[in-house]
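To start, the structure under review is shown below, and the notes come after it.
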Amino acid sequence: MNHLVRPHWGSRGPSAGLALACLPLAALKDGVMAPLIHYISPEAMTSCALTRASLPTQSLLFLGLVAAVCLGLNLLFLTVYLICLCCCKRGEGTETKQPSSCCVTWTAVIAGLICCAAIGIGFYGNSETNDGVSQLLYALDNANHTLSGIDSLVSGTTLQMKVGLEQHLALLREIFTPRGDYLQTLKFMQQMAGNIVLQLSGLPVWQGASHDLSATAGQISFVEYYRWLSYLLLFILDLIICLLACLGLAKRSRCLLTAMLCCGLMTLILSWASMAVDTSAAVGTSDFCVAPDQFIMNQTQSELSAEVVHYYLYCSQSLSNPFQQALTIYQRSLTTMQIQVQGLLQFAVPIFPTAKKELLGIQQLLNSSETSLHQLTAMLDCRGLHKDYLDALMGICYDGIEGLLYLALFSLLAAVSFSTIICATPRAWKHFTSRDRDYDDIDEEDPFNPQARRIATHHPARGQLRSFCSYSSSLGSQTSLHPPAQTISNAPVSEYMNQAALFGGNPRYENVPLIGRGSPPPTYSPSMRATYLSVNDDHARHYTPEFPA
């Protein structure tokens with residue numbers, strides 16, 4: 001099986017690994033920057049990485065301080081803006097109201113769209129971070145299973161050699177008492193078992209490392225669960241605030257706008273706080289990813305030798321297995337014992353039949369120990385743990401940091417969008433107030449007042465006057481109201497003909513009461529026209545005074 005390829009940060013030594021920290025992570029992931037490594041001086045590249053890695057706590061505190069300063073400046077800007085808006089007197093002209101209202105509306109809409117886009121980015125970043133942490137936890141669980149398996153095999157084999165084999169050898173000594181050569185063989189087998197126990201005791205004890213991995217995995221899982229849940233609730237809160245802003249502007253509701261302002265200020269503070277946490281976590285994780293090998297060696301130097309840690313971290317074919325000698329002695333001792341048992345079964349059992357049961361028990365124990373040897377050899381090989389190590393680095397250094405950067409971008413966009421919405425809301429409030437004041441100045445008896453029309457709609461008890469209207473202008477507005485007793489208008493026929501021509505293009509003769517319906521009536525037939533003209537002439541003669549010549 002081919003050895004796994006290490007990432008670039010460890011394949012060229014510590015300096016080259018630190019140099020990669022100054023290159024974009026996405027470029028490293030895609031392999032774009034790999035050819036440039038051969039042309040960049042490692043000393044020049046490591047300066048920026050070592051500066052940050054040497055003072056990790058101070059750099060994280062500095063980033064948190066920067067975010068706090070940005071939050072303070074943002075709140076200060078909003079405070080000054082609101083004070084200036086309250087003190088500034090805007091003109092009341094009609095020409096300036098409509099453009100201002102349109103500008104405020106579009107500003108709020110654009111800010112809401114930016115907030116929605118930021119929430120989408122945040123969902124993606126939250127998912128990426130969760131995937132990276134899940135991959136890290138999976139790798140830690142596999143490594144913990146391997147280390148605990150090694151300890152279990154070593155302790156089990158040691159117990160068999162010390163207790164199980166010793167019981168069988170004690171019974172065989174009693175059986176082979178008359179034969180000194182057989183007793184010598186049993187003594188030699190006991191020496192081989194002692195060699196196996198000695199070699200197994202030389203292997204590192206992974207119990208401490210396994211316990212540390214379990215504790216670390218538990219803490220990471222606990223923090224990640226509440227981190228993921230907190231961001232999910234923050235996304236939902238942002239969506240609710242955007243919905244409140246849209247409803248408040250659409251319905252012109254001061255109550256919704258007030259609730260949106262309060263929640264928006266709280267979300268603004270949460271956005272800057274989350275940005276500080278995300279940026280600090282991304283920088284701290286990147287500091288680890290600059291030189292993870294050195295960090296792990298420093299953490300394990302009190303429990304494991306540098307040779308063992310180096311073997312598992314780099315897992316190169318040029319590196320020798322530090323356990324190879326112990327495993328070889330184990331294998332040879334086990335083979336020698338099996339040969340001795342086979343000889344005793346062949347030559348001693350015919351003489352001492354009662355020894356067969358004990359010899360078969362020893363043979364079964366040796367076969368079990370050989371199986372444990374193969375399993376132990378596979379678990380101690382560097383490829384398994386090295387693969388888990390690479391999987392953990394891939395999860396935390398690629399998906400994890402990428403997700404944290406997207407979450408930081410979400411926090412920044414959310415802060416900008418909510419600041420814009422908070423700035424636009426007072427202007428919308430002021431526009432609503434001025435518009436209501438303009439409505440209050442209008443005469444309610446004016447039939448063209450929208451409020452008067454709404455009042456008439458909500459109070460239908462007022463009787464409607466049936467009137468005969470004459471359209472005296474090209475706009476078709478009612479200019480005269482006549483009492484219901486009058487059934488025929490004295491207006492000339494030409495006026496109705498001219499007005500009818502405005503609707504249809506041709507002269508139309510209409511009955512006067514139909515004009516009050518608000519729409520042009522149909523054209524009358526010639527007989528109806530003649531009747532109308534005769535009635536009109538009679539009335540003209542009746543009301544015209546006659547003077548003697």
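According to the UniProt record's numbering, the stretch in the sequence shown is residues 1 to 549, in order. Just so it is clear, CB atoms sit at the ideal spot from N, CA and C, and this is done for glycine as well.
Can you tell me where the alpha helix (DSSP H) with residue i in it begins and where it stops?
i           : result
residue 346 : 324 to 347
residue 367 : 355 to 380
residue 221 : 207 to 251
residue 351 : From DSSP, residue 351 is part of no alpha helix (DSSP H); its letter is neither H nor E.
residue 188 : 180 to 202
residue 258 : 254 to 290
residue 175 : 165 to 175
residue 313 : 306 to 314
Just to confirm before moving on: does the CB-CB distance between residue i and residue j stay below 9 angstroms?
i           : j           : result
residue 79  : residue 424 : no
residue 345 : residue 366 : no
residue 160 : residue 368 : yes
residue 115 : residue 421 : yes
residue 245 : residue 122 : no
residue 553 : residue 399 : Any answer about residue 553 is impossible in this case: the structure gives the chain only from 1 up to 549.
residue 327 : residue 154 : no
residue 235 : residue 126 : yes
residue 378 : residue 172 : no
residue 105 : residue 213 : no
residue 193 : residue 166 : yes
residue 157 : residue 373 : yes
residue 71  : residue 228 : no
residue 342 : residue 363 : yes
residue 137 : residue 253 : no
residue 74  : residue 419 : yes
residue 67  : residue 275 : yes
residue 162 : residue 197 : yes
residue 63  : residue 308 : no
residue 188 : residue 340 : yes
residue 285 : residue 401 : yes
residue 382 : residue 298 : no
residue 295 : residue 203 : no
residue 211 : residue 361 : no
Below 8 angstroms on the Cβ atoms is my guess for residue i versus residue j; work out the distance and round it to an integer in Å.
i           : j           : result
residue 278 : residue 407 : 5 angstroms
residue 118 : residue 385 : Wrong, their Cβ atoms sit about 40 angstroms apart, outside the cutoff.
residue 199 : residue 330 : 5 angstroms
residue 293 : residue 207 : Not really, about 23 angstroms apart at Cβ, beyond 8 angstroms.
residue 175 : residue 352 : 5 angstroms
residue 209 : residue 303 : 6 angstroms
residue 306 : residue 404 : Wrong, their Cβ atoms sit about 32 angstroms apart, outside the cutoff.
residue 426 : residue 85  : 5 angstroms
residue 247 : residue 233 : Contact doesn't hold; Cβ gap of about 21 angstroms is too wide.
Answer yes or no: the CB of residue i versus the heavy atoms of the ligand NAP, is any distance below 8 angstroms?
i           : result
residue 176 : The model on display carries no ligand, and the ligand NAP is accordingly not part of it.
Do we get a CB-CB distance below 9 angstroms when we pair residue i with the residues of chain B?
i           : result
residue 178 : Annotation note: the requested chain B is absent from the structure, which comprises a single protein chain.
For the 8 angstroms Cβ check, are there 3 or more pairs between the stretch 133 to 144 and the stretch 395 to 403?
yes
Would you check if the stretch 137 to 151 and the stretch 263 to 271 touch, i.e. whether three or more CB-CB distances between them fall below 8 angstroms?
no
Specify whether the stretch 304 to 318 and the stretch 178 to 186 touch according to this definition: at least 3 beta carbon pairs, one from each stretch, less than 8 angstroms apart.
no
Which ranges would you report for the alpha helix (DSSP H) in the stretch 376 to 419 if only whole runs of at least 4 residues count?
382 to 394
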